[in-house]
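Chains as they are written, first to last, in my numbering: chain G, -7 to 288; chain D, 745 to 974.
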């Protein structure tokens, strides 16, 4: 078995590598949390965006002199205009109770909501994802009832899309920085190890060892230390995710994305420690080969 | 003069310096036929170890041509050097055994680096260590062995892969005359089976006793002197 391979170099007395498992564990821990955070945020934003797709909101302002009967007529007129649009499947007046519930965190549960001249909101469900001609719809609505506003959520969707892209890029940048830091640490510790074992390496060369024979010993050691560190880092990060998931699922708040990861997300997360092991092993090998090439 | 295909080591106008330092070997011209036995003598600092390092490919000449086994080593790609080194056995003055490995594993190194099967390695190494009287010390680490035992392990490591050239740098420096004589008889045996032997030594008695040709270095200049057997 590769991990149990006999080595000709005395790695036990090599203090330069003792930090590698800790560093790899820390890097895997940070990488998994950064990746999971990025995936949860992206998924949450996608969920929000999907919630906004295929719907739009129409606000019918109150008449200058509040009059419930008149407002009802105005709303009915707007609904007729909406239903006449080819893209509209359903138009529903949002009841005052729902609006009050939405505004409760800001205005409280008193009678303030009823006293304010709040516009009537109409929730419109579209047959397709979006209106084919939003400007024309706006003109028709304003012509029916002046001051009527149509919000097709397009601006929101665009902002969410940009934010999702930014989150993804930041996530990748963090993973890249973690990978670069890991590579540098492995390079420096491997170089230090080569110095420690300089005499033994010279003897191995003199008796006919190829560079790859010597590199294999460093690579095997890096694989063993990297696997240990990656295992610990993965276990700790999964434990942390479990705690976050437990705490996050207890929060009934639509403002926060729900802590949920799909199967493909878990595949990516599980790939992190494996990538860390691969990165550590390959970096150690390439470092050794590069240094040995400079020797006679 | 031996014909070209019999020459196993050839130096042509070889000079050597370490870094930017002064030249330690000057215009060395040398031909060692296959199966020959040479002593390399000279005072300390004359360049004996440097000359041996050139032969066992631990150093490169600053000028001139070093030809080993019919190949100009300065023109060979680096990746081909291990194959040449496997044909050379070296007994270092300070043995240079790997301290954390057992006697068996130290001797097994040349076979393992050349990819020999492990059962073959175990068998050959055990036989050789038994032959040099270390059958009871197969698992012993070098630090637990006496100087003479370490030397036998070092010699066993040098000869385990039946090299074409055996180089020994002051192999008798740390042993008494009786052991030194036994050691030289061992090298004689290897010489008889066709190994080219080069031994750097200060021991004039041994050089005279065995009567082989002598390569003498003085101030980095080489001269070849005939052997004078007692």
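For every residue, glycine included, the Cβ atom is placed at its ideal position computed from N, Cα and C.
Next on the checklist: Which residues in chain D have a C-beta closer than 7 Å to the C-beta of residue 192 of chain G? List them in chain order.
Outcome noted: Position 200 of the first chain, counting from 1, holds the residue named residue 192 of chain G. Taking the beta carbon of residue 192 of chain G as reference, the chain D residues within 7 Å of it are 842, listed in sequence order.
Item to check | Nearest residue (CA-CA) to residue 896 of chain D, options D:763, D:908 and D:930 | outcome: On the second chain, residue 896 of chain D is found 152 positions in, with the first residue counted as 1. When the alpha-carbon of residue 896 of chain D is set against those of D:763, D:908 and D:930, the nearest one is in D:930.
Next on the checklist: Quick test of the definition: if touching needs 3 or more C-beta pairs under 8 Å, does the stretch 769 to 789 of chain D touch the stretch 269 to 278 of chain G?
Outcome noted: Short answer: they don't touch.
Item to check | Closest Cα partner of residue 775 of chain D within the set D:963, D:958 and D:936 | outcome: Counting from one through the second chain, the residue named residue 775 of chain D turns up at place 31. It is D:958 whose Cα lies nearest to the Cα of residue 775 of chain D.
Checklist entry - Quick one, are the C-beta atoms of residue 956 of chain D and residue 755 of chain D less than 9 Å apart? => result Indexing the second chain from 1 puts residue 956 of chain D at position 212. Indexing the second chain from 1 puts residue 755 of chain D at position 11. Not closer than 9 Å, so no.
Checklist entry - Short check: CB of residue 41 of chain G to CB of residue 215 of chain G, under 9 Å? => result In the first chain, counting from the first residue as 1, residue 41 of chain G sits at position 49. In the first chain, counting from the first residue as 1, residue 215 of chain G sits at position 223. Their beta carbons are not under 9 Å apart, which means residue 41 of chain G does not touch residue 215 of chain G by this criterion.
Checklist entry - Run through DSSP, which three-state label would residue 189 of chain G get? => result Residue 189 of chain G sits at position 197 when you count from the first residue of the first chain. Correct three-state label for residue 189 of chain G: coil.
Next on the checklist: With a threshold of 9 Å between beta-carbons, can residue 793 of chain D be considered close to chain G, or not?
Outcome noted: For the purposes of this step, residue 793 of chain D is taken as residue 49 along the second chain, with counting starting at 1. No, because no Cβ of chain G sits closer than 9 Å to the Cβ of residue 793 of chain D.
Next on the checklist: Check whether the stretch 138 to 152 of chain G and the stretch 0 to 12 of chain G are in contact - that is, three or more C-beta pairs closer than 8 Å.
Outcome noted: For the pair of segments examined, the stretch 138 to 152 of chain G was found not to touch the stretch 0 to 12 of chain G: the number of CB pairs separated by less than 8 Å stays below three.
Next on the checklist: Quick check on residue 762 of chain D - is its C-beta less than 9 Å from some C-beta in chain G?
Outcome noted: For the purposes of this step, residue 762 of chain D is taken as residue 18 along the second chain, with counting starting at 1. Judged by the 9 Å Cβ criterion, residue 762 of chain D is not in contact with chain G.
Checklist entry - Rounded to a whole number of angstroms, what is the C-alpha to C-alpha distance between residue 120 of chain G and residue 155 of chain G? => result By one-based count along the first chain, residue 120 of chain G stands at place 128. By one-based count along the first chain, residue 155 of chain G stands at place 163. If I take the Cα positions, the gap works out to 24 Å.
Item to check | Option in G:193, G:237, G:117 and G:111 with minimal Cα separation from residue 0 of chain G | outcome: One-based indexing of the first chain puts residue 0 of chain G at position 8. When each option's Cα is compared against that of residue 0 of chain G, the closest is G:193.
Next on the checklist: So with CB distances below 9 Å, who are the chain D contacts of residue 238 of chain G?
Outcome noted: Taking the first residue of the first chain as 1, we reach residue 238 of chain G at position 246. What residue 238 of chain G touches in chain D: nothing, since even the nearest Cβ is about 48 Å away.
Next on the checklist: Quick check: residue 872 of chain D and residue 904 of chain D, are their CB atoms within less than 9 Å of each other?
Outcome noted: Position 128 of the second chain holds residue 872 of chain D. Position 160 of the second chain holds residue 904 of chain D. If you check the CB distance, residue 872 of chain D and residue 904 of chain D come in under 9 Å.
Checklist entry - List, in order along the chain, the chain G residues whose C-beta lies closer than 8 Å to that of residue 898 of chain D? => result The residue given as residue 898 of chain D occupies position 154 in the second chain. Under the 8 Å cutoff, chain G gives no residues; its nearest Cβ is about 11 Å from residue 898 of chain D.
Checklist entry - So the beta strand (DSSP E) residue 768 of chain D belongs to, where does it begin and stop? => result On the second chain, position 24 is the one that residue 768 of chain D refers to. Membership of residue 768 of chain D in the beta strand (DSSP E) is indicated by the continuous run 767 to 777.
Item to check | Whole-Å CB distance - residue 840 of chain D paired with residue 195 of chain G, under 8 Å assumed | outcome: In the second chain, the residue the question calls residue 840 of chain D occupies position 96. In the first chain, the residue the question calls residue 195 of chain G occupies position 203. That pair is a contact at about 5 Å.
Checklist entry - Is the beta carbon of residue 753 of chain D less than 9 Å from the beta carbon of residue 771 of chain D? => result As a first step, residue 753 of chain D is located in the second chain; it is residue number 9 there, counting from the start. As a first step, residue 771 of chain D is located in the second chain; it is residue number 27 there, counting from the start. Cβ distance not < 9 Å, so residue 753 of chain D and residue 771 of chain D don't count as in contact.
Checklist entry - Would you say residue 220 of chain G and residue 16 of chain G are within 9 Å of each other, going by their C-beta atoms? => result Locating residue 220 of chain G in the first chain gives position 228, counting from the first residue. Locating residue 16 of chain G in the first chain gives position 24, counting from the first residue. A contact, by the Cβ cut-off of 9 Å.
Checklist entry - When DSSP labels each residue in this structure, what does residue 143 of chain G get in the three-state scheme? => result Within the first chain, numbered from 1, the residue matching residue 143 of chain G stands at position 151. The three-state reading of DSSP puts residue 143 of chain G in strand, counting E and B together.
Checklist entry - In angstroms, rounded to a whole number, what distance separates the CA positions of residue 165 of chain G and residue 207 of chain G? => result Numbered from 1 along the first chain, position 173 holds the residue referred to as residue 165 of chain G. Numbered from 1 along the first chain, position 215 holds the residue referred to as residue 207 of chain G. Each residue's Cα considered, the two are about 31 Å apart.
Checklist entry - Do you know whose CA, among G:132, G:267, G:111 and G:252, lies nearest residue 55 of chain G's CA? => result Within the first chain, residue 55 of chain G is the residue found at index 63, counting from 1. Taking only the C-alpha atoms, the option nearest residue 55 of chain G is G:111.
Next on the checklist: For a cutoff of 9 Å on Cβ pairs, would you count residue 802 of chain D as touching chain G?
Outcome noted: Within the second chain, residue 802 of chain D is the residue found at index 58, counting from 1. Chain G, which has a Cβ nearer than 9 Å to the Cβ of residue 802 of chain D, makes this yes.
Next on the checklist: Considering only the alpha carbon of each residue, which of D:954, D:850 and D:901 lies closest to residue -2 of chain G?
Outcome noted: Within the first chain, the letter at position 6 stands for residue -2 of chain G. Considering only alpha carbons, the answer is D:850.
Next on the checklist: What does DSSP give as the partner residue(s) for residue 760 of chain D in the beta ladder?
Outcome noted: Counting from one through the second chain, the residue named residue 760 of chain D turns up at place 16. Beta-bridge pairing links residue 760 of chain D to D:769.
Next on the checklist: So, for residue 794 of chain D: in the same chain, excluding its five sequence neighbours on each side, which residues have a beta-carbon less than 6 Å away from its beta-carbon?
Outcome noted: Taking the first residue of the second chain as 1, we reach residue 794 of chain D at position 50. Closer than 6 Å at Cβ, skipping near neighbours: 760, 768 and 769.
Next on the checklist: Using C-beta distances below 8 Å, list every residue in its chain close to residue 175 of chain G, excluding the 5 sequence neighbours before and after it, in chain order.
Outcome noted: The residue given as residue 175 of chain G occupies position 183 in the first chain. Correct list, in chain order: 271 and 275.
Next on the checklist: Using C-beta distances below 7 Å, list every residue in its chain close to residue 837 of chain D, excluding the 5 sequence neighbours before and after it, in chain order.
Outcome noted: Along the second chain, read from residue 1 onward, the residue named residue 837 of chain D stands at position 93. Same-chain partners within the cutoff: 913, 914 and 917.
Item to check | Where residue 923 of chain D sits in the DSSP three-state scheme | outcome: As a position in the second chain, residue 923 of chain D is number 179, starting the count at 1. Helix at residue 923 of chain D.
Checklist entry - Using a Cβ-Cβ distance under 9 Å, would residue 826 of chain D count as near chain G? => result Translated into positions along the second chain, residue 826 of chain D becomes position 82. At least one chain G Cβ lies under 9 Å of residue 826 of chain D.
Next on the checklist: Any beta carbon of chain D sitting closer than 9 Å to that of residue 270 of chain G?
Outcome noted: The residue given as residue 270 of chain G occupies position 278 in the first chain. No, its Cβ sits nowhere closer than 9 Å to a Cβ of chain D.
Next on the checklist: Give me, in chain order, the residues of the same chain whose beta-carbon lies closer than 8 Å to that of residue 217 of chain G; leave out the 5 immediate sequence neighbours on both sides.
Outcome noted: For the purposes of this step, residue 217 of chain G is taken as residue 225 along the first chain, with counting starting at 1. Correct list, in chain order: 9, 12, 13, 16 and 272.
Checklist entry - What are the complete beta strand (DSSP E) segments, minimum 3 residues, inside the stretch 768 to 855 of chain D? => result Taken in chain order, the complete beta strand (DSSP E) segments of 3 or more residues contained in the stretch 768 to 855 of chain D are 781 to 785, 807 to 812 and 832 to 835.
Checklist entry - Name the residues in the stretch 167 to 201 of chain G whose C-beta lies less than 8 Å from a C-beta of chain D; which are they? => result From the stretch 167 to 201 of chain G, only 191, 192, 194, 195, 196, 197, 198, 199, 200 and 201 have a Cβ closer than 8 Å to chain D.
Checklist entry - Do residue 884 of chain D and residue 852 of chain D have their C-beta atoms within less than 9 Å of each other? => result Here residue 884 of chain D corresponds to residue number 140 of the second chain, with the count starting at 1. Here residue 852 of chain D corresponds to residue number 108 of the second chain, with the count starting at 1. With contacts defined as CB atoms closer than 9 Å, residue 884 of chain D and residue 852 of chain D fail to qualify as a contacting pair.
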